[in-house]
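Novice: Chains as they are written, first to last, in the UniProt record's numbering: chain A, 1 to 219; chain B, 1 to 219.
No residue lacks a Cβ here, since even glycine has one placed at the ideal position from N, Cα and C.
Only a predicted model underlies this, so the values are computations on that prediction, with no experimental measurement involved.
2 protein chains.
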Amino acid sequence: MNFSTAEENYIKAIWRLQQSDENVTTNELSAELQTKPASVTDMLKRLSEKKLLHYAPYYGVKLTPEGKKLALSIIRKHRLWEYFLVEKLQFNWDAVHDIAEELEHVSSPELIERLDAFLGYPKADPHGDPIPDSKGRMTITSNLSLQQLEVGAAAVVTGVGDQSSSLLELLSQKNIGIGTKLELKQRHAFDGSVEIKLRNQPIITLSEQLAKTILVKTV
Amino acid sequence: MNFSTAEENYIKAIWRLQQSDENVTTNELSAELQTKPASVTDMLKRLSEKKLLHYAPYYGVKLTPEGKKLALSIIRKHRLWEYFLVEKLQFNWDAVHDIAEELEHVSSPELIERLDAFLGYPKADPHGDPIPDSKGRMTITSNLSLQQLEVGAAAVVTGVGDQSSSLLELLSQKNIGIGTKLELKQRHAFDGSVEIKLRNQPIITLSEQLAKTILVKTV
DNA sequence: ATTTATTTTTAGATTTGTCTAAATTTTAAT
DNA sequence: ATTAAAATTTAGACAAATCTAAAAATAAAT
Chain A
1 MNFSTAEENY IKAIWRLQQS DENVTTNELS AELQTKPASV TDMLKRLSEK KLLHYAPYYG
61 VKLTPEGKKL ALSIIRKHRL WEYFLVEKLQ FNWDAVHDIA EELEHVSSPE LIERLDAFLG
121 YPKADPHGDP IPDSKGRMTI TSNLSLQQLE VGAAAVVTGV GDQSSSLLEL LSQKNIGIGT
181 KLELKQRHAF DGSVEIKLRN QPIITLSEQL AKTILVKTV
Chain B
1 MNFSTAEENY IKAIWRLQQS DENVTTNELS AELQTKPASV TDMLKRLSEK KLLHYAPYYG
61 VKLTPEGKKL ALSIIRKHRL WEYFLVEKLQ FNWDAVHDIA EELEHVSSPE LIERLDAFLG
121 YPKADPHGDP IPDSKGRMTI TSNLSLQQLE VGAAAVVTGV GDQSSSLLEL LSQKNIGIGT
181 KLELKQRHAF DGSVEIKLRN QPIITLSEQL AKTILVKTV
């Protein structure tokens, strides 16, 4: 079965909303997709006809197994393309989303399998989000602070605990930003400070206080 | 300005037909695009409104400079993606056309510039067709058909006259592809068939019809 | 130079995906 | 338990891209 770009975008949005909220409503989708609620209702009826979701008028929708499978295949494509754009074409991590939004709708399954192999079967995209395998299996990684990360683990920076300018200044001076890949080399018992290694850079030290505010995902 | 996939496909088809035939007609386009003539007329009027071509009812169309520029940018994308698919993802050269037809409509100019650099600024796609540069410039390599080649000459296959799957299948069975070196041993006056020698292979015979569609460059 | 055939265009319909405005249903509040 | 507010659906319209059937223009044939 082949689906349109619009249909795929609805399925993807429903999947995303479903993560935090079992039943996805028309208004939530309307906000997520920047589309009027009336248009959402129309599309939900069509997707329900196509067996991609269960639609109960006035109550909301839930993806069927087929819907979930489709969602994961689109997410797989999106994240593999993001990885390609950053790792091979040297794009900045925050510039790739819109391009991947287009590439994810290219339909050839063989293309994606070969791309995956070419990239060396990466497990996470440049934002640290896990890439589903060809069967739709995906390891759910949750955010943890650098302080909680275990020694030896590799991770990607996904955010920071506060937005103070003094923190942001410090991070930028140390070349740490969203999408930065790092490896935790050592943790000192005495003061909780950590030694981390960034790509192409010498090992640097971060205080426990700083390690607490940096959020990461293992990769 | 941004154009739909359908619009881009019309522009590409007109460009292709314009190469051999100054004025492109509704019926030619109808055949090329597998679309009914009435639909073609509608689209031509729209593309004319958008200044991509000059449309004279009942007489046919011609691309404007903007139309040509758009055509060349799509062809550039198509051929770069084909090169990527063959050189990086190890696709067979005859399997990449349909995938490139989808990829060529992804809109980011930055993506294409980076892809070009990543690939090392290739000058020709896997079919031997030249890749326009970012300004739309393209070196026209003068090809001749195997039929025109003189007996005794050595040559390299640079492309084929059409992209039909029956032709591509036949060529792959005979181990003939882009870059294949051959020597023309003999031409039979009776039916125009030719005997050619490929490296490490016995002499094989090709029909005149096949010899006509195989494009080569002497070496 | 008419007539016939071919090509092209017009007219009207269809599907997809969207919209606005109005009606309906559910939820919240008194 | 009614009423007011919010969410959702229905109804009708529109643009893009296609189609079929009929009309008009051009080209070919006698």
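Just checking, does the stretch 115 to 124 of chain B make contact with the stretch 80 to 93 of chain B on the three C-beta pairs under 8 Å criterion?
Specialist: yes
Novice: With the cut-off set at 9 Å, would you say A211(A) and E183(A) are in Cβ contact?
Specialist: No, these two residues do not count as a Cβ contact at 9 Å.
Novice: With which residues is Q209(A) paired in a DSSP beta bridge?
Specialist: Q209(A) is not bridged to any residue.
Novice: Quick one: is H188(A) buried, meaning 16 or more other Cβ sit within 10 Å of its Cβ, or exposed?
Specialist: exposed
Novice: Kindly say whether K88(B), judged by its beta-carbon, lies nearer than 9 Å to any beta-carbon of chain A.
Specialist: yes
Novice: In three-state DSSP terms, what is E22(A)?
Specialist: coil
Novice: How should F190(A) be labelled, buried or exposed, when 16 other C-beta atoms within 10 angstroms of its C-beta is the threshold for buried?
Specialist: exposed
Novice: Could you check the C-alpha separation between K51(A) and E101(B) for me, to the nearest Å?
Specialist: Going by the C-alpha atoms only, they are around 29 Å apart.
Novice: Anything in the stretch 128 to 139 of chain B with a Cβ closer than 8 Å to a Cβ of chain A? List those residues in chain order, please.
Specialist: none
Novice: List the residues of chain B that F118(A) touches, going by C-beta distances under 7 Å, in chain order.
Specialist: K88, L89
Novice: Given K45(B), which residues of its chain have a CB within under 8 Å of its CB, disregarding the five upstream and five downstream residues?
Specialist: Y55
Novice: What residues in the stretch 94 to 113 of chain A bring their beta carbon closer than 7 Å to a beta carbon of chain B?
Specialist: Residues of the stretch 94 to 113 of chain A with a Cβ closer than 7 Å to any Cβ of chain B, in chain order: I99, E102, L103, V106, S107, S108, L111.
Novice: Mapping DSSP to helix, strand and coil, what is N48(A)?
Specialist: It is Ser, not Asn, that sits at residue 48(A) in the sequence shown. It is helical.
Novice: When you check each C-beta in the stretch 52 to 81 of chain B against every C-beta of chain A, which residues fall closer than 8 Å?
Specialist: Against chain A - using a Cβ distance shorter than 8 Å - the stretch 52 to 81 of chain B contributes no residues.
Novice: Can you tell me whether R76(B) is buried or exposed, with buried defined as 16 or more other CB within 10 angstroms of its CB?
Specialist: By the Cβ-count criterion, R76(B) is buried, with 16 or more other Cβ atoms from all chains shown falling within 10 Å of its own Cβ.
Novice: Rounded C-beta distance between P37(B) and S48(B)? I'm assuming under 8 Å.
Specialist: Contact flag wrong, Cβ pair sits at about 16 Å.
Novice: CA-CA distance, Q18(A) and E66(A)?
Specialist: 15 Å
Novice: Near M1(B), what residues of its chain come up, given a Cβ to Cβ distance below 8 Å and the 5 sequence neighbours on each side ignored?
Specialist: K50
Novice: Here's a check: name, in chain order, each residue in its chain whose Cβ is nearer than 8 Å to the Cβ of D98(A), leaving out the five neighbours to either side.
Specialist: none
Novice: What is the residue span of the beta strand (DSSP E) that I214(A) lies within?
Specialist: Per DSSP, the unbroken beta strand (DSSP E) holding I214(A) starts and ends at 214 to 218.
Novice: Do you know offhand how far L89(B)'s Cα is from L144(B)'s?
Specialist: If I take the Cα positions, the gap works out to 30 Å.
Novice: Say whether chain B places a C-beta atom closer than 9 Å to the C-beta of L184(A).
Specialist: For L184(A), the answer is no, since every Cβ of chain B falls outside 9 Å of its Cβ.
Novice: Taking the alpha-carbon positions, what's the I214(B) to T26(B) distance?
Specialist: Whole-angstrom Cα-Cα distance: 29 Å.
Novice: Residues of chain B with CB under 8 Å from H115(A), in chain order?
Specialist: Before going further, note that residue 115(A) is Leu rather than His in the sequence given. L89, listed in chain order.
Novice: Hey, is L85(A)'s beta-carbon within less than 9 Å of any beta-carbon in chain B?
Specialist: yes
Novice: By the 10 Å Cβ neighbour count, where 16 or more other Cβ atoms means buried, how is N9(A) classified, buried or exposed?
Specialist: buried
Novice: Going straight from the alpha carbon of Q163(B) to that of K217(B), what length do you get?
Specialist: Near 19 Å, if we compare the C-alpha coordinates of K217(B) and Q163(B).
Novice: Who are the near neighbours of F3(A) in its chain, counting only those whose CB is closer than 6 Å to its CB and skipping five residues on each side?
Specialist: Excluding its 5 nearest sequence neighbours in each direction, F3(A) has no C-beta neighbour in its own chain below 6 Å.
Novice: Which class does K197(B) belong to by DSSP, given the choice of helix, strand or coil?
Specialist: Three-state DSSP puts K197(B) in a strand.
Novice: Work out the CA separation of A6(B) and K28(B) for me, nearest whole Å.
Specialist: Checking the sequence, you will find Glu at residue 28(B) rather than Lys. Each residue's Cα considered, the two are about 17 Å apart.
Novice: If I14(A) and L53(A) are in contact, beta carbons under 8 Å, what's the gap, nearest whole angstrom?
Specialist: 7 Å
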